[in-house]
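Chains as they are written, first to last, in our numbering: chain S, 169 to 375; chain A, 169 to 375. Glycine is no exception: its CB is placed at the ideal position from the N, C-alpha and C atoms. Computed from a predicted model, the values in this text were never measured in an experiment. Comments concern the structure below.
Number of protein chains: 2
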Amino acid sequence: MKDYIKSPMEIEKKSFDIIGKEMGAHNFSDTELKIVKRVIHTTADFEYKDLIYIRERSIEKAIELLKSGVTIYTDTNMAASGINKNAIKRLNCSVECFVSREDVFKEAKEKGITRSMAAVEKACSEGVKFFVFGNAPTALFKLKELTLKGQASPEFIIGAPIGFVGAAESKIEIEKLNTPMITVRGRKGGSGVAAAIVNALMYIILR
Amino acid sequence: MKDYIKSPMEIEKKSFDIIGKEMGAHNFSDTELKIVKRVIHTTADFEYKDLIYIRERSIEKAIELLKSGVTIYTDTNMAASGINKNAIKRLNCSVECFVSREDVFKEAKEKGITRSMAAVEKACSEGVKFFVFGNAPTALFKLKELTLKGQASPEFIIGAPIGFVGAAESKIEIEKLNTPMITVRGRKGGSGVAAAIVNALMYIILR
Numbered sequence: 169m170k171d172y173i174k175s176p177m178e179i180e181k182k183s184f185d186i187i188g189k190e191m192g193a194h195n196f197s198d199t200e201l202k203i204v205k206r207v208i209h210t211t212a213d214f215e216y217k218d219l220i221y222i223r224e225r226s227i228e229k230a231i232e233l234l235k236s237g238v239t240i241y242t243d244t245n246m247a248a249s250g251i252n253k254n255a256i257k258r259l260n261c262s263v264e265c266f267v268s269r270e271d272v273f274k275e276a277k278e279k280g281i282t283r284s285m286a287a288v289e290k291a292c293s294e295g296v297k298f299f300v301f302g303n304a305p306t307a308l309f310k311l312k313e314l315t316l317k318g319q320a321s322p323e324f325i326i327g328a329p330i331g332f333v334g335a336a337e338s339k340i341e342i343e344k345l346n347t348p349m350i351t352v353r354g355r356k357g358g359s360g361v362a363a364a365i366v367n368a369l370m371y372i373i374l375r
Numbered sequence: 169m170k171d172y173i174k175s176p177m178e179i180e181k182k183s184f185d186i187i188g189k190e191m192g193a194h195n196f197s198d199t200e201l202k203i204v205k206r207v208i209h210t211t212a213d214f215e216y217k218d219l220i221y222i223r224e225r226s227i228e229k230a231i232e233l234l235k236s237g238v239t240i241y242t243d244t245n246m247a248a249s250g251i252n253k254n255a256i257k258r259l260n261c262s263v264e265c266f267v268s269r270e271d272v273f274k275e276a277k278e279k280g281i282t283r284s285m286a287a288v289e290k291a292c293s294e295g296v297k298f299f300v301f302g303n304a305p306t307a308l309f310k311l312k313e314l315t316l317k318g319q320a321s322p323e324f325i326i327g328a329p330i331g332f333v334g335a336a337e338s339k340i341e342i343e344k345l346n347t348p349m350i351t352v353r354g355r356k357g358g359s360g361v362a363a364a365i366v367n368a369l370m371y372i373i374l375r
């Protein structure tokens with residue numbers, strides 16, 4: 169067996185160099201590129217280059233929120249666990265995934281809706297501003313509904329649900345809001361992708 | 169906005185139907201297909217159809233271990249959090265991710281190796297049999313080394329590290345062992361994919 173690179177930072181740097189070489193032509197700014205490359209790093213899938221939509225001034229808004237020690241809502245425990253806890257701590261931010269909460273579980277069962285939908289309702293009622301969706305199209309639909317009704321005030325959204333039923337549509341719908349956002353269009357996305365976007369944003373501040 | 173499907177089980181069933189229709193010709197058995205479809209369900213990426221390698225009698229071995237209440241080793245907290253905890257509980261299994269352990273952290277720092285490598289050393293010394301890798305090529309290299317030295321006795325391995333440095337090679341190397349295994353060849357894979365394979369195996373028993 170050949171010897172192999174063992175330093176995590178060295179591995180990451182080499183990976184980003186390879187991605188830069190292989191991804192070819194693009195129109196991303198240097199800051200946007202950091203997000204796109206990190207998603208490709210997380211998925212080994214260059215198609216994300218064509219799927220990531222970064223709305224104007226959204227990175228700036230996300231950074232402003234992260235610097236203010238915002239609470240980050242995630243739709244799954246998996247997305248929450250993919251977010252770098254050390255970076256969160258350094259920024260005095262916090263990550264909350266409501267789907268595991270007892271009250272959310274009960275409400276979902278009573279109403280016959282997904283736990284993700286009940287969770288987003290709860291988060292909105294508690295004034296969450298920074299939303300991260302990697303899994304649940306239904307949660308994204310719900311956030312749009314609540315925002316249009318004036319019952320939610322999102323200031324930044326990562327919309328990256330994955331899947332075959334409702335995922336692509338959920339991203340089309342959420343983009344109709346004027347909120348600053350980053351989305352992954354089409355069927356692709358996922359908890360890992362959503363977490364990678366959060367990490368990329370934090371590293372823009374911290375590194 | 170159109171009405172949308174809200175029942176999680178209904179969403180999953182419809183997704184699997186779409187995947188079945190779109191994935192085209194294949195040589196998978198019915199049981200293998202359950203694993204492949206779940207990975208595509210998790211990634212929205214049909215390329216996995218051509219990347220997943222299921223060694224003969226490996227599903228049977230995995231099922232035997234799961235039925236015996238095995239401890240499942242994962243290389244990341246993210247993979248651990250993607251594994252269905254309810255199914256784990258029903259099977260009397262447990263999931264352990266060693267990378268967060270204090271002793272593992274110390275050892276990695278002292279030796280200048282990745283925490284993933286130190287974690288796999290610890291797991292092997294504690295007799296773990298069922299290994300799940302979604303992230304760390306270095307951990308997979310290390311497991312192969314330890315197995316060849318007689319210091320590890322894996323009975324089933326999921327080898328799905330993702331990435332640009334070492335990931336593809338790590339899967340080529342691990343396949344040289346005779347151990348029952350499921351791997352994702354090439355650069356792709358990831359924590360979500362690794363967890364999806366574990367879930368698919370558990371659902372074969374439980375559903």
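Residue of S:Q319, S:T306 and S:K310 minimising C-alpha distance to G295 (chain S): S:Q319
Should L369 (chain S) and I231 (chain S) be called a contact, given that it needs their Cβ atoms to be closer than 8 Å? yes
Please classify E178 (chain A): is it buried, with 16 or more other beta-carbons within 10 angstroms of its beta-carbon, or exposed? Residue environment: E178 (chain A) is assigned as exposed (fewer than 16 neighbouring CB atoms within 10 Å of its CB, all protein chains considered).
Test: V272 (chain S) CB closer than 8 Å to a CB of chain A: no
On the premise that I240 (chain S) lies in contact with V366 (chain S), defined as a C-beta separation below 8 Å, what is that separation, rounded to the nearest angstrom? 7 Å
Would the beta-carbon of I208 (chain S) fall within 8 Å of that of F214 (chain S)? In this structure, F214 (chain S) lies closer than 8 Å to I208 (chain S) by Cβ.
Along the stretch 238 to 269 of chain S, where does the CB come closer than 7 Å to a CB of chain A? Name the residues. N245, M246, S249 and G250
Under DSSP, the alpha helix (DSSP H) around G250 (chain S) begins and ends at which residues? N245 to G250
Have a look at A:S175, A:D198, A:A193 and A:R206 and flag the residue whose alpha-carbon is nearest the alpha-carbon of F184 (chain A). A:R206
Any contact of the stretch 353 to 362 of chain S with the stretch 314 to 328 of chain S, i.e. 3+ C-beta pairs under 8 Å? yes
Contact between the stretch 288 to 302 of chain A and the stretch 262 to 271 of chain A (3+ Cβ pairs under 8 Å): yes
Is the beta carbon of K229 (chain S) sitting closer than 8 Å to the one on F324 (chain S)? yes
Looking only at its chain, what residues have a beta carbon closer than 6 Å to the beta carbon of M246 (chain S), apart from the 5 residues adjacent to it on each side? Around M246 (chain S): S359.
Cutoff 8 Å: F332 (chain S) Cβ touching any chain A Cβ: yes
Name, going along the chain, the residues of the stretch 361 to 375 of chain S whose beta-carbon falls closer than 7 Å to a beta-carbon of chain A. none
Looking at V238 (chain S): is its Cβ nearer than 8 Å to the Cβ of F298 (chain S)? yes
Listed by chain order, chain A residues near G192 (chain S) by CB distance under 8 Å: What G192 (chain S) touches in chain A: nothing, since even the nearest Cβ is about 15 Å away.
Report the rounded CA-to-CA distance for L233 (chain S) versus K181 (chain A), giving the unit in angstroms. 38 Å
Residues bridged to T351 (chain A) by DSSP? Residue pairing by DSSP places T351 (chain A) opposite A:Y221 and A:G327 in a beta bridge.
Going by other Cβ atoms of all chains shown within 10 Å of its Cβ, with 16 needed for buried, is G188 (chain S) buried or exposed? The residue is exposed, with fewer than 16 neighbouring Cβ atoms inside 10 Å.
Output the distance between the C-alpha atoms of R353 (chain S) and S226 (chain S), rounded to the nearest integer angstrom. 16 Å
Using a C-beta cutoff of 8 Å, does P322 (chain A) count as contacting chain S? So, not an interface residue.
Tell me the DSSP bridge mates of Y241 (chain S)? The partner list for Y241 (chain S) (beta bridge, DSSP) reads S:E264 and S:F299.
Assumed close pair E343 (chain S), F309 (chain S) - CB separation to whole angstroms, cut-off 8 Å: Wrong, their Cβ atoms sit about 13 Å apart, outside the cutoff.
Check L369 (chain S) in the structure and name its three-state DSSP category. helix
Hey, how far is the Cα of P348 (chain S) from the Cα of N303 (chain A)? Rounded to the nearest angstrom, the two C-alpha atoms are 31 Å apart.
CB contact flag (S249 (chain S), S249 (chain A), <8 Å): Yes; because the gap between Cβ atoms is below 8 Å, this pair is in contact.
Give the range of the alpha helix (DSSP H) segment to which L259 (chain A) is assigned. L259 (chain A) -> no alpha helix (DSSP H), and no H or E assigned at all.
Endpoints, the alpha helix (DSSP H) within which D185 (chain S) is located: P176 to E190
The alpha helix (DSSP H) that contains F332 (chain A), what's its start and end? Element bounds for F332 (chain A): n/a, residue is neither H nor E.
From S:L316, S:F273, S:T244 and S:I372, residue whose alpha carbon lies closest to that of V361 (chain S): S:T244
Which same chain residues, not among the five before or five after K312 (chain A), have their C-beta less than 8 Å away from its C-beta? E341, I342, K344 and L345
Between G358 (chain S) and chain A, is there a C-beta pair that is closer than 8 Å? So, interface residue.
Near L314 (chain A), what residues of its chain come up, given a Cβ to Cβ distance below 8 Å and the 5 sequence neighbours on each side ignored? V288, E289, C292 and A320
So which residues of chain A does T211 (chain S) contact, with C-beta pairs closer than 9 Å? T211, D213, I330, K356 and G358
Residues of chain A with CB under 9 Å from T199 (chain S), in chain order? Within 9 Å Cβ-Cβ: nothing; T199 (chain S) doesn't reach chain A, min ~22 Å.
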